[in-house]
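These notes concern the structure reproduced below.
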Amino acid sequence: MRIPSSLQRLSFSSSEAMVDFASDLIARRAQEHVVANGIFRLVLSGGTSPLPLYRRFADTANPPDIPWEQTEIFWGDERMVDPESEHSNYGLAASIFLNKVRVAQRNIHRMHGESKHPELAAQNYEYTIAGSFGLPAFPAAWDQSGPLMFPRFDIVLLGMGPDGHTASIFPGSPALDTRRWVLPVSCPEIPPRVPRLTMTAPLLSSARTVIFLVGAKGKQAALERVHASSSGQRTWLPAGCIGAEKELFWLILR
1 MRIPSSLQRL SFSSSEAMVD FASDLIARRA QEHVVANGIF RLVLSGGTSP LPLYRRFADT
61 ANPPDIPWEQ TEIFWGDERM VDPESEHSNY GLAASIFLNK VRVAQRNIHR MHGESKHPEL
121 AAQNYEYTIA GSFGLPAFPA AWDQSGPLMF PRFDIVLLGM GPDGHTASIF PGSPALDTRR
181 WVLPVSCPEI PPRVPRLTMT APLLSSARTV IFLVGAKGKQ AALERVHASS SGQRTWLPAG
241 CIGAEKELFW LILR
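Letter 207 of the sequence shown, counting from 1, is numbered 207 in UniProt numbering, and no numbers are missing.
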């Protein structure tokens, strides 16, 4: 796990308060990255935890001041379904906010969950990431060691399941320790039981800022194990293996 220079665990009594904090933080960091680099790269999470935040992104009455025109959007994971499916992480984000804000279509980099070849889809997403960062295109026939470098996204949004999984990195997953950026995932034991694609733990942990959005209900045991790991105790829960280059936030709705 990459140890961030700043680790904050914050509890909120209401979803609105948590969304206020997260949206303000994202807007500030986005503006800073655009001023410094001309671009802001944001990785979205699937699941239900980020949905109130996504609705805030589309709030015309009180929108966060995010420079969408200079923003590139990626996904931390995706289900192997058509983008129109109710189970598509891309489809959900598109319907809630992406179709309502000023993000250029060329800057929306979705994982192609409709592909019939998960490994090829994973490699293609690695090419997409490399292209965004101006990194060299790696050979198509990678071995399992993958590339030697990890690009740094500006902000990664993540959630956590009751079993401690994050993105589609489940306990015991090869995505926990690999030089690959994106891997295919076989059907998990939780719904929807479909194959998936996921960014790997080393890639997610290379981000400058990582923000976990977690509702504590049904997840208290996993939260305790994850927080123990940040105090020096070892955990194999995937969420506890995610770090950041600079800032790691755990925003918890009690």
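Every residue gets a Cβ at the ideal spot worked out from N, C-alpha and C, and that includes glycine.
Treat the numbers as computed from the prediction; the structure is a model and nothing was measured.
- Under the three-state reduction of DSSP, Pro184 is assigned to strand.
- Listed as beta-bridge partners of Thr209 by DSSP are Ile155, Glu247.
- Boundaries of the beta strand (DSSP E) around Glu78: 77–79.
- Where Ser6 is concerned, the enclosing beta strand (DSSP E) starts and stops at 6–12.
- By the Cβ-count criterion, Trp250 is buried, with 16 or more other Cβ atoms from all chains shown falling within 10 Å of its own Cβ.
- Taking a C-beta distance under 7 Å as the contact criterion, Met160 and Val103 do not qualify as a contact pair.
- Going by C-alpha positions, Leu25 is about 29 Å away from Leu183.
- Under the 10 Å beta carbon count, Glu78 is surrounded by 16 or more other beta carbons and is classified as buried.
- The count of Cβ pairs closer than 8 Å, one atom from the segment 203–223 and one from the segment 237–250, reaches three, so the stretches are in contact.
- Between Tyr90 and Arg110 a beta carbon distance of about 4 Å is seen, short of the 8 Å cut, so the two are scored as contacting.
- Counting only residues of its own chain and dropping the five nearest sequence neighbours on each side, Tyr54 has a CB closer than 7 Å to the CB of Ala93, Ile96, Phe97.
- Thr198 is bridged by DSSP to Asp77, Leu183.
- Distance from the CA atom of Gly46 to the CA atom of Gly131, rounded to whole angstroms, is 23 Å.
- Of the candidates Val34, Val19, Met80, Val19 places its Cα closest to the Cα of Asp59.
- CA-to-CA, the gap between Thr166 and Lys217 works out to about 16 Å.
- DSSP places Arg55 inside the alpha helix (DSSP H), whose first and last residues are 51–57.
- Taking 7 Å as the cut-off, the beta carbon of Ala30 is found closer than this to the beta carbon of Ile66.
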